[in-house]
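Trainee:
There are 2 protein chains.
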Amino acid sequence: METVERLIRSTQELLWERGYVGTSPKAIQAAAGAGQGSMYHHFSGKAELAKVAIERSGAEMRAAAEEQLGGAGTARDRITAYLSREREVLRGCRVGRLTADPDVVADPELRAPLDETFTWLRTRLAEVVAEGKQANEFPATTDPERLAATIAAVLQGGYVLARAAGTPEPFEQAVQGLLELINA
Amino acid sequence: METVERLIRSTQELLWERGYVGTSPKAIQAAAGAGQGSMYHHFSGKAELAKVAIERSGAEMRAAAEEQLGGAGTARDRITAYLSREREVLRGCRVGRLTADPDVVADPELRAPLDETFTWLRTRLAEVVAEGKQANEFPATTDPERLAATIAAVLQGGYVLARAAGTPEPFEQAVQGLLELINA
DNA sequence: GTCTATAGCACGATAGAC
DNA sequence: GTCTATCGTGCTATAGAC
Chain A
1 METVERLIRS TQELLWERGY VGTSPKAIQA AAGAGQGSMY HHFSGKAELA KVAIERSGAE
61 MRAAAEEQLG GAGTARDRIT AYLSREREVL RGCRVGRLTA DPDVVADPEL RAPLDETFTW
121 LRTRLAEVVA EGKQANEFPA TTDPERLAAT IAAVLQGGYV LARAAGTPEP FEQAVQGLLE
181 LINA
Chain B
1 METVERLIRS TQELLWERGY VGTSPKAIQA AAGAGQGSMY HHFSGKAELA KVAIERSGAE
61 MRAAAEEQLG GAGTARDRIT AYLSREREVL RGCRVGRLTA DPDVVADPEL RAPLDETFTW
121 LRTRLAEVVA EGKQANEFPA TTDPERLAAT IAAVLQGGYV LARAAGTPEP FEQAVQGLLE
181 LINA
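Chains as they are written, first to last, in the UniProt record's numbering: chain A, 1 to 184; chain B, 1 to 184.
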């Protein structure tokens with residue numbers, strides 16, 4: 001694999017684990033097996049490399065969601081499949097995690113990929129809910145955008161509860177609780 | 001106010017804003033108006049001060065939740081009041097925020113107050129749901145612990161979505177979506 | 001109980017050789 | 001395109017005077 005690719009992937013991993021403030025260029029270089037000069041030859045610095053890595057992680061997250069949301073079955077089936085998909089719960093969400101980082105949220109260049117990813121997710125979920133509403137799978141009173149936000153929030157909040165508890169259990173409970181509300 | 005108290009409160013504020021990794025003893029001292037020697041006289045270091053500050057924030061969060069959950073009205077009223085309470089959405093949750101910090105999650109001393117706070121919250125919410133179930137406010141099929149986890153997750157995830165978007169709107173939507181599911 | 005001085009190290013970045 | 005050397009700064013913590 002080329003150096004640039006190794007740098008980007010190492011940055012993705014480190015941002016996931018340690019966040020932006022907690023990730024140093026030195027650590028990135030060590031993980032990528034690249035030298036100081038090499039990194040600064042390909043990227044202007046930590047911020048630019050982080051931007052590319054976050055965009056990549058956002059794209060991967062969207063693709064993973066589309067696997068269930070754009071799959072076969074009813075709207076409810078697809079949402080259930082999306083909620084039930086296996087996840088590395090205790091690692092948390094590679095994109096959502098970065099919203100805790102003040103330097104990411106403060107920099108429009110770094111926040112943009114977060115915004116794009118979650119806006120896409122909420123929009124896509126709302127589309128599926130709207131389809132299900134049309135097919136009478138959901139009550140006529142259902143507001144697709146609100147329910148979409150609720151679904152996305154349960155996953156993101158589930159990660160928070162699980163990491164606080166040190167076990168995936170609260171995540172699973174939160175998802176099950178939502179499924180019971182939706183499929184009631 | 002005494003120096004110790006100013007140190008603790010300043011640490012609470014900085015942990016909320018910048019997290020554990022992003023908060024330096026120097027910044028704490030500046031915010032508290034205390035010198036280097038003063039801080040190290042009262043606390044063994046950053047970790048001990050953070051532990052005290054996180055415990056304090058957890059206690060405050062529990063007290064704030066109990067204001068609605070232990071208030072007047074039906075179980076549903078109290079849960080609705082808790083979900084609808086005003087929050088500084090774009091600041092996020094002072095406790096939940098710290099689950100993103102690897103150094104906090106990795107240190108049992110620092111993770112303990114997170115675990116205690118969210119375990120208390122989920123337990124307390126489950127109690128209220130169970131009450132409501134007894135009073136036929138919730139279906140007999142409702143699992144109180146699961147619904148409690150879902151409620152807590154919607155709030156924590158709502159913060160994530162809002163910070164990614166740069167506006168409180170997704171938080172409000174997620175909460176409204178949950179209220180519509182519960183009060184359907 | 002609070003001060004200043006200093007330690008030893010990592011940070012993010014640049015320079016210039018090869 | 002990658003290397004090593006170096007810059008100036010800030011980190012967490014300790015020492016010892018007052």
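All C-beta atoms, glycine included, are put in the ideal place defined by N, C-alpha and C. Because the structure is a prediction, the values reported are computed rather than measured.
Is Ala-31/B closer than 8 Å to Ala-100/A when the C-beta atoms are compared?
Mentor: Cβ atoms of Ala-100/A and Ala-31/B: not closer than 8 Å.
Trainee: Please state whether the Cβ-Cβ distance between Leu-178/A and Pro-170/A is less than 8 Å.
Mentor: In this structure, Pro-170/A does not lie closer than 8 Å to Leu-178/A by Cβ.
Trainee: Going along chain A in order, which residues have a C-beta closer than 7 Å to the C-beta of Arg-163/B?
Mentor: Going along chain A in sequence order, the residues near Arg-163/B (Cβ under 7 Å) are Thr-99, Val-105.
Trainee: Can you tell me whether DSSP reads Arg-85/B as helix, strand or coil?
Mentor: Looking at Arg-85/B - three-state DSSP - the assignment turns out to be coil, as it is neither helix nor strand.
Trainee: I believe Gly-19/A touches Arg-97/A by the beta-carbon criterion, under 8 Å. Please report the beta-carbon distance rounded to the nearest angstrom.
Mentor: Contact holds; Cβ gap of about 7 Å.
Trainee: Could you list the residues in the stretch 119–150 of chain B with a C-beta less than 8 Å from some C-beta on chain A, going in chain order?
Mentor: For the stretch 119–150 of chain B, which is checked against every Cβ of chain A, the residues closer than 8 Å are Thr-119, Arg-122, Pro-139, Thr-141, Thr-142, Asp-143, Glu-145, Arg-146, Leu-147, Ala-148, Ala-149, Thr-150.
Trainee: Does the CB of Leu-15/B have a neighbour CB from chain A at under 8 Å?
Mentor: It does not; no Cβ of chain A falls within 8 Å.
Trainee: Assuming residue 258/A and Thr-119/B are in contact, meaning their beta carbons sit under 8 Å apart, how far apart are those beta carbons, in whole angstroms?
Mentor: The structure shown does not extend to residue 258/A, since chain A spans only 1 to 184, so no value can be given for it.
Trainee: Have a look at Ala-149/A and Leu-155/B and give me their C-alpha separation to the nearest angstrom.
Mentor: Approximately 11 Å between the Cα atoms of the pair.
Trainee: Assign Thr-11/A to buried or exposed, taking buried as 16 or more other Cβ atoms, counted over all protein chains shown, within 10 Å of its Cβ.
Mentor: Classification of Thr-11/A: buried, given that the 10 Å Cβ count is 16 or more.
Trainee: Taking the alpha carbon of Glu-137/B as the reference point, which residue from Glu-48/B, Met-39/B, Arg-76/B, Gln-176/B has its own alpha carbon closest?
Mentor: Ranking Glu-48/B, Met-39/B, Arg-76/B, Gln-176/B by Cα distance to Glu-137/B puts Arg-76/B first.
Trainee: Residue 186/B: buried (16+ other C-beta within 10 angstroms of its C-beta) or exposed?
Mentor: Residue 186/B falls outside the range modelled here, since chain B spans only 1 to 184, and no answer is possible.
Trainee: Within 8 Å (strictly less), CB to CB, does Arg-78/B reach chain A?
Mentor: Chain A contact via Cβ: absent.
Trainee: State the DSSP-derived secondary structure class of Pro-144/A, mapped to helix, strand or coil.
Mentor: Pro-144/A: helix per DSSP, three-state reduction.
Trainee: Can you say whether Glu-144/A is buried or exposed, counting buried as having 16 or more other CB atoms within 10 angstroms of its CB?
Mentor: Inspection of the sequence shows that residue 144/A is occupied by Pro rather than by Glu. By the 10 Å Cβ count, Pro-144/A comes out buried.
Trainee: May I ask you to report which of helix, strand or coil DSSP gives Pro-168/B?
Mentor: It is coil, neither helix nor strand.
Trainee: Would you verify that the beta carbon of Ala-27/B is, or is not, closer than 8 Å to some beta carbon of chain A?
Mentor: No, because no Cβ of chain A sits closer than 8 Å to the Cβ of Ala-27/B.
Trainee: Counting along the chain, where does the alpha helix (DSSP H) carrying Phe-118/B start and finish?
Mentor: Per DSSP, Phe-118/B belongs to the alpha helix (DSSP H) from 108–134.
Trainee: Please classify Met-1/B as buried or exposed, where buried requires at least 16 other C-beta atoms within 10 Å of its C-beta.
Mentor: By the 10 Å Cβ count, Met-1/B comes out exposed.
Trainee: Could you name the residues of the stretch 48–71 of chain A whose beta carbon sits closer than 9 Å to any beta carbon of chain B, in the order they occur along the chain?
Mentor: Under the 9 Å Cβ criterion, the stretch 48–71 of chain A contributes no residue.
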